[in-house]
Amino acid sequence: QSLESELERITAQFQETRGRMRHLARGNAEKFRQVWIANEEEAKELVREALDAARIIQVQQLGIPWEEPRLWFMENVGPLGDRREKEEAMEVVMELLGGVGSRNAGGMFLREKDPVCPGILGNSQ
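The opening position of the sequence shown corresponds to residue 410 in the working numbering, with each subsequent residue numbered one higher.
Take a look at the structure:
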């Protein structure tokens, strides 16, 4: 009989603990999403500034026509869903920052030592 009551007590504690954990998980997930969205907006603004700088340099300084790249993640709101989306976003970021042998936002190919936009994107070579 004492084992049955002990089992009931432990089961009740387990149920209560599981309920608390689910409540905390929902709260943490919502906080994570809010922080993500705030950071995402800041990152999008930085991308817009970088693209604007690239456009100005390309059109006004180099005299090359500008075609703004379509960046799918600029329309995204909230955490990225799957691994493929995350990998694609990282590829675009590396291109924008001038990864070796990649194209920058203006469509120009960069070599390893070419700065993307000195002083604008933080590259100082």
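Beta carbons are placed, not taken as given, at the ideal position from N, Cα and C, and that holds for glycine.
- By the criterion of a C-beta distance shorter than 7 angstroms, A498 is surrounded in its chain by F482 and L489, once the five residues flanking it on both sides are discounted.
- It is roughly 14 angstroms from the alpha-carbon of Q443 to the alpha-carbon of A434.
- Distance from the CA of I466 to the CA of I473, rounded to the nearest whole angstrom, comes to 9 angstroms.
- L505 carries a helical assignment under DSSP once its states are collapsed to helix, strand and coil.
- The alpha-carbon separation between Q422 and A447 amounts to approximately 38 angstroms.
- The three-state secondary structure of N485, taken from DSSP, is coil.
- R418 sits in a helix when the DSSP states are folded into three classes.
- Q410 sits in coil when the DSSP states are folded into three classes, being neither helix nor strand.
- In this structure, E477 and L460 form a Cβ contact; the two beta carbons are roughly 6 angstroms apart against a cut-off of 8 angstroms.
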